[in-house]
Structures are given as C-alpha cells and as structure tokens.
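Listed in order, the protein sequences are those of chains S and D.
Here the numbering used here is used: the first residue of the first sequence is 10, the next is one more, and so on.
Here the numbering used here is used: the first residue of the second sequence is 806, the next is one more, and so on.
From the three backbone atoms N, C-alpha and C, an ideal C-beta is built for every residue, glycine too.
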Amino acid sequence: MEKFIEAKNITFSYINEMEEPPVKTTVFENLSLDIYKGEFVAILGHNGSGKSTLAKCFNAINIPQSGEILVNGMSIRDQQKLLDIRQSVGMVFQNPDNQIVATIVEEDVAFALENMGVEPAEIRRRVDESLKTVGMYEYREHAPHKLSGGQKQRVAIAGILAMRPECILLDEPTAMLDPKGRREVLKTVKELNKNSGVTIVLITHYMDEAVQADRVVVIDNGRIVMDDKPKKIFSQVNKLKTLGLDVPQVTELVYTLNADGFDLDPEIITEDECVDALYELLKSNA
Amino acid sequence: MAVIETENLTYVYGEGTPFRKVALDNVNLSVEEGELVGVIGHTGSGKSTLIEHFNALLRPTSGNVFIDGERINWDEKKTLRDIRFKVGLVFQYPEYQLFEDTVYKDIAFGPKNMELDENEIDRRVRETARLVGISEDMLTKSPFDLSGGQKRRVAIAGVMAMEPKVLILDEPTAGLDPKGRETILEMIHHYHREKKNTVMLVSHSMEDVAKIAKKILVMNDGRLFCYDDTKKVFERADELNAMGLSVPQITRVFNRLKEKGINITEDVYTVDFGKKLVEKVMEMKK
Chain S
10 MEKFIEAKNI
20 TFSYINEMEE
30 PPVKTTVFEN
40 LSLDIYKGEF
50 VAILGHNGSG
60 KSTLAKCFNA
70 INIPQSGEIL
80 VNGMSIRDQQ
90 KLLDIRQSVG
100 MVFQNPDNQI
110 VATIVEEDVA
120 FALENMGVEP
130 AEIRRRVDES
140 LKTVGMYEYR
150 EHAPHKLSGG
160 QKQRVAIAGI
170 LAMRPECILL
180 DEPTAMLDPK
190 GRREVLKTVK
200 ELNKNSGVTI
210 VLITHYMDEA
220 VQADRVVVID
230 NGRIVMDDKP
240 KKIFSQVNKL
250 KTLGLDVPQV
260 TELVYTLNAD
270 GFDLDPEIIT
280 EDECVDALYE
290 LLKSNA
Chain D
806 MAVIETENLT
816 YVYGEGTPFR
826 KVALDNVNLS
836 VEEGELVGVI
846 GHTGSGKSTL
856 IEHFNALLRP
866 TSGNVFIDGE
876 RINWDEKKTL
886 RDIRFKVGLV
896 FQYPEYQLFE
906 DTVYKDIAFG
916 PKNMELDENE
926 IDRRVRETAR
936 LVGISEDMLT
946 KSPFDLSGGQ
956 KRRVAIAGVM
966 AMEPKVLILD
976 EPTAGLDPKG
986 RETILEMIHH
996 YHREKKNTVM
1006 LVSHSMEDVA
1016 KIAKKILVMN
1026 DGRLFCYDDT
1036 KKVFERADEL
1046 NAMGLSVPQI
1056 TRVFNRLKEK
1066 GINITEDVYT
1076 VDFGKKLVEK
1086 VMEMKK
C-alpha cells in the first residue's frame, strides 16, 4: 500500500511564554507513524495523551520542532504547499457549533470552495454532490442551527468533502451527539472510506467506533504503544485498562467469562460475533 | 415523598414568532426523594429545558413545578434563591466555569453564597474534595493547573458542596476518556450512597446510565415518554431505537439471543449481570 501521511521522528512541545522562564511541555518525542492511502485508522488514547496534537500536525496546524511529516509527498514545512496540504487533509472537530459559519446549509458547504476561488458552476456541482453523499441534500436550504447534532456534523463533513480531500481527520466527532447522531456520523465516515476511497483518521473515546476501523493506533504519553488490527488490540483487555482505555461490552463479557473457565474466542469484538458465540454455547437449552 | 413534581408543565420557545417551538408539552412527573435517575432523550427532546425548570432558571409557559412539596412561585425572588440552593445544577463542560485562584476557593464559592459560617464552609469543602478524589494538597493549587478530568471534578464538587437536596448533572462525562468517565460515574454513585440525596444524570451514553441509574426518565419530542425502573425502560429497545436512542450493547446481545430461542427470562443491561446469566443457563444445562 502507498503511504499517504509519513511522520518520521517528530518531536513536538508546547511552550508557555507567559511563565518566566518559559515552560516547555513535550507532547511527543521521536514519534513515527505512517498512514496508508485508503485506510480507516482509529486513534485511541486517554485525555492528554497527545492524539489531537498529533492530528493537528497532519494538516500543518502544528509544526513539530524536529522530524519530518510528508503528506502525499509534500513536506508540512513547505509554505508553498500549505494550501495543497490543507485541501487534501480535511479536519472535523468535536463541537459542530464551532465549525459552521453560514446561515444556510448549502452556503456553509460552499464556504471553503469560495475561498479557494472555484468557479460558481463547479461550486454548485460539488456542494450538491457532497450534500448528497452525507445524506443532507434535502436540508440544503435549511438553517444549520435548527439541525440536530448529527446532522450538523454531517454538514461539517460535507464542507470538507467539497474540497475533494484525500484524507479526513475527525477529532472526537461524536462526543457531543446522541446515539442516533453517532450512528449517522459513523455510517457516513465508513461509506466515504469504502465507496469513495477517502483515507480516514478517527480520534475517538468510543471503543465501539474504533472496532469498525481497519487499524487501531493507541497513544499513551506521546508514544505509540499499540498499532494493530482491532481484534488484536481489543483482545488485550488488561493492557487497555491499564492505559485508561476500555473494550466493547461484548469483549468484556467474553473476557470475564473466560476468566471463569469458559473457552470463548477472546477476539470477539462485535455484537454479531458475540451473539453467534453465545448462541453456540447456550443453544441446547433452547 | 416526591422531591420534584411537575403538573401539566408546558414550555414554548419564541411564542408569537415564526420560530415558535413547543419544547415541553404537558409534562406530568413525580420523582421520589433519594432516587438516582438517568435522563435520556435525543438532541432537542426537551431534556435540558426540563431540568432548567427544576431550579427555576426557566419559567413555565403554563403548568407548575413543585420542589420538596412547595410550588415554585416565579414572582417571589426570595423563594427562587432557596430553590437554587435546594436544586444544584451542573452544566455541560462545567470546568469552563472555574474562576477562582485556588481549588479551595472555587469549591467554597457556593457554600459562601449560602452565607454559612466559616467552619461549616471549611467542613464542606474538605468533605466534598475527598468525595471527588481531590487531595488536600491540591486545594491550594490554581484550578487551571489541573488536568481536564480533575478540573471537571472540582467544578462538580463546587455544586455538591452546597449539599443540594437534588443534584442534577448535564452530561458530566462528555468528552472524557473511558477511565475519566468511569471515575466521574463512580464519584456520582459514591455521593449518592453517602448523602442519600436525589441525583439526576443527563446522558447520551446508555451504558453509563445503565451502570448507575435505578430509574430512567425518557424525553421524546418535548413529551415525557416514560419514567420507570432501568430494567423496564431498556425492555423497550425497539421504541427507544425509533426515537433515536439505543440500549446498551450488552442488552442488544441478550435480546437477540432471546429472539433466537435461547431460554433467557431476565433482562440484561450490565456486563456483570450478563456474565451471571450465562453461567446460570450453563448450570441448568448440566
């Protein structure tokens, strides 16, 4: 597979100039991570582990003090490439209300395109297409503040999509949403990845979302401590708990049953797998 | 005895404008003293509007609210003050409301406003700090030097220190990592056990609600859908799904096993209980 984002030995610190002498907080040191084209990667880690800081390095909002990051071969230090990088790596944040700028849905989606100087006819085409992709086309003339949280996040995603990015970084996009909103956003993200080949980097605290990714990266105190397929990650229940993380309820159930002497597949991470395994175990009682 | 009661409570936003919206529609509710209640509902279902009536932040368009047997009289400023001491409300992301220069002063702010004497204030600050896991040496620190999770616990302690008869928390775990979420939930549970006061927990996480709430209040489109035992509420999985909510993953697994003909008579909404049930069924099989 082709590398899309290449982070090589990056070190990043926040420097608080308000203090005398200035206080330096190092978030990560010598961190390397590759994201491949077309992947759906989930990044997990406790609050303050450095997940968001890292994601902001991927589209040149944060510039590491040392090391190199290449996005599709372009260095994030190259000022000339800044717009190209931001256009190919779009970002969606936690609070939908902080990302919406216009008073009509379709104008909001067109905002970036207008800034990029795209032709009006092309803007029209791309706005309609993006709104259809996220399932918000019927709401194109609505006021964003009247939408639900999940709908607002989908409008925010459409705004990014209209720029035709190759990769979308989502930083806890579902933290403020109700269960339906969470389902809608996750479905949209997965469809973009599977149907349009958009590379997805999803930062989340919800394990049931991370389970749906192709690959899970766990960050702890600025270091990558785990990087594998979801099944391999979530079957390590104890390790995840020590890292302040969790596992899906179904994995936890299997884990506690196995601790009591049952012999169930420890790599069960989805509802379907759990139902099948328990059915096999309990069926003769039916 | 009922500590909160509403009688035909109706609230309309933007009356007389084209944006008129009925946020609460004839809500009749009675919450017994000492309950631990989970409040769920989709975005815009009226949850926040409802709880803002309980400490007299909103005045009903029609209907009545009774706190501790007394009708809230919105024309009497003096009684409103008492209501706000009786019903403590912790908003979403309460750490943004910290403002004092030490943790101690921040927690003491509420009790001070209640005009308690110094000794009583001191007792309450230390006791609540202990309850939320804030150590003595942290009391002299600036709240802004704490981690995100600690800040949130200090902010919640500030309301707990007022020892309200009813403590209402609006999404106290939003944006926290699994361990942070667990800590806050345990802290609320602990407070409830020790103080025996009424606690209401608004949340979008069905798993969180299932873990600690004895009763659940479900709002849907401005109406009270139901107020019942946690078990009874999660039995209505299909109805909850249709209104944009869900049931815990573990509940879905056991519901599906039941549909497949496994002989399970009880409802499952926590991993612990699920484990016990599987073991019980296996025992019967022998």
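Own chain, CB closer than 8 angstroms to residue i, minus 5 neighbours either side, in chain order
i	result
residue 1033 of chain D	1020, 1021
residue 20 of chain S	35, 37, 38, 39, 40, 73, 74, 75, 76
residue 1062 of chain D	1069
residue 925 of chain D	916
beta-carbon residue i near the ligand HEM non-hydrogen atom, thresh 6 angstroms
i	result
residue 839 of chain D	Among the components modelled here there is no ligand, and therefore nothing to report on the ligand HEM.
Start-to-end residues for the alpha helix (DSSP H) that takes in residue i
i	result
residue 264 of chain S	258-268
residue 1025 of chain D	From DSSP, residue 1025 of chain D is part of no alpha helix (DSSP H) but of the beta strand (DSSP E) over 1020-1025.
residue 117 of chain S	114-125
residue 811 of chain D	Run containing residue 811 of chain D: none in the alpha helix (DSSP H); it sits in the beta strand (DSSP E), 807-818.
residue 144 of chain S	Element bounds for residue 144 of chain S: n/a, residue is neither H nor E.
residue 859 of chain D	852-859
residue 1055 of chain D	1054-1064
residue 247 of chain S	246-251
residue 1040 of chain D	No alpha helix (DSSP H) contains residue 1040 of chain D, which DSSP labels as neither H nor E.
residue 826 of chain D	Run containing residue 826 of chain D: none in the alpha helix (DSSP H); it sits in the beta strand (DSSP E), 826-837.
residue 290 of chain S	280-291
residue 1079 of chain D	1076-1090
Beta-carbon gap between residue i and residue j smaller than 7 angstroms
i	j	result
residue 1042 of chain D	residue 1060 of chain D	yes
residue 278 of chain S	residue 239 of chain S	yes
residue 867 of chain D	residue 815 of chain D	yes
residue 135 of chain S	residue 171 of chain S	yes
residue 266 of chain S	residue 286 of chain S	no
residue 158 of chain S	residue 186 of chain S	yes
residue 842 of chain D	residue 1005 of chain D	yes
residue 832 of chain D	residue 817 of chain D	no
residue 1008 of chain D	residue 976 of chain D	yes
residue 919 of chain D	residue 890 of chain D	yes
residue 206 of chain S	residue 57 of chain S	no
residue 1067 of chain D	residue 291 of chain S	yes
residue 990 of chain D	residue 893 of chain D	no
residue 1011 of chain D	residue 1051 of chain D	yes
residue 1058 of chain D	residue 283 of chain S	yes
residue 840 of chain D	residue 1003 of chain D	yes
residue 153 of chain S	residue 198 of chain S	no
residue 33 of chain S	residue 228 of chain S	no
Extent of the continuous beta strand (DSSP E) run through residue i
i	result
residue 50 of chain S	49-53
residue 38 of chain S	32-45
residue 871 of chain D	867-872
residue 9 of chain S	Absent from the structure is residue 9 of chain S, since the part of chain S shown begins at 10 and ends at 295.
residue 237 of chain S	232-237
residue 229 of chain S	224-229
residue 217 of chain S	First-last for residue 217 of chain S: 216-219, but that is the alpha helix (DSSP H), not the beta strand (DSSP E).
residue 1049 of chain D	Note, residue 1049 of chain D: premise wrong, no beta strand (DSSP E); not H, not E.
residue 846 of chain D	Looking at the DSSP string, residue 846 of chain D is not in any beta strand (DSSP E), and its letter there is neither H nor E.
residue 209 of chain S	208-212
residue 110 of chain S	Counting along the chain, residue 110 of chain S falls outside any beta strand (DSSP E), and DSSP gives it neither H nor E.
residue 101 of chain S	98-101
residue 1030 of chain D	1028-1034
Close-in-space but distant-in-sequence residues of the same chain around residue i (CB under 6 angstroms, 5 per side omitted)
i	result
residue 869 of chain D	812, 876
residue 304 of chain S	This structure cannot settle anything about residue 304 of chain S, because the visible part of chain S is limited to 10 through 295.
residue 191 of chain S	183
residue 246 of chain S	256, 264
residue 253 of chain S	55
residue 244 of chain S	275, 276
Residues near residue i in its chain [Cβ-Cβ closer than 7 angstroms; skip 5 each side]
i	result
residue 830 of chain D	815, 1027, 1028
residue 219 of chain S	51, 53, 213, 225, 239
residue 222 of chain S	49, 50, 51, 211, 239
residue 933 of chain D	912, 962, 965, 966
residue 121 of chain S	168, 171, 172
residue 954 of chain D	981, 985, 988
Proximity test, Cβ basis, 7 angstroms: residue i and chain C
i	result
residue 1058 of chain D	The structure shown contains no chain C; its protein chains are S and D.
Exercise for the section: Can you check the segment 158-199 of chain S for any alpha helix (DSSP H) of at least 4 residues that lies completely inside it and give the ranges in chain order? Expected result: Whole alpha helix (DSSP H) segments, 4+ residues: 158-170.
Handout entry: Three CB pairs or more closer than 8 angstroms across the segment 993-1006 of chain D and the segment 56-73 of chain S
Key = Output reads no: the segment 56-73 of chain S does not touch the segment 993-1006 of chain D.
Practice task
Any chance you could list the alpha helix (DSSP H) runs of at least 4 consecutive residues sitting entirely within the segment 55-93 of chain S, in chain order?
Solution key: The alpha helix (DSSP H) runs lying completely inside the segment 55-93 of chain S and spanning 4 residues or more are 60-67, given in chain order.
Problem - Cβ pair count under 8 angstroms reaching 3, the segment 259-270 of chain S against the segment 86-102 of chain S - result: No, they do not touch.
Exercise for the section: Could you name each continuous alpha helix (DSSP H) segment of 4 residues or more that falls completely within the segment 929-1011 of chain D, going from the start of the chain to the end? Expected result: The segment 929-1011 of chain D contains, as complete alpha helix (DSSP H) runs of 4+ residues, the segments 953-965, 983-1000 (chain order).
Practice task
Enumerate, from N- to C-terminal direction, the unbroken alpha helix (DSSP H) stretches of 4 or more residues contained entirely within the segment 877-921 of chain D.
Solution key: The segment 877-921 of chain D contains these whole alpha helix (DSSP H) runs: 882-891, 908-918.
Problem - Stretch-stretch touch, CB-based, cutoff 8 angstroms, three pairs: the segment 98-106 of chain S with the segment 41-48 of chain S - result: Too few Cβ pairs lie closer than 8 angstroms, so no.
Problem - Any 3 or more C-beta pairs closer than 8 angstroms across the segment 911-925 of chain D and the segment 960-969 of chain D - result: The segment 911-925 of chain D, when compared against the segment 960-969 of chain D, does touch it at the 8 angstroms Cβ threshold.
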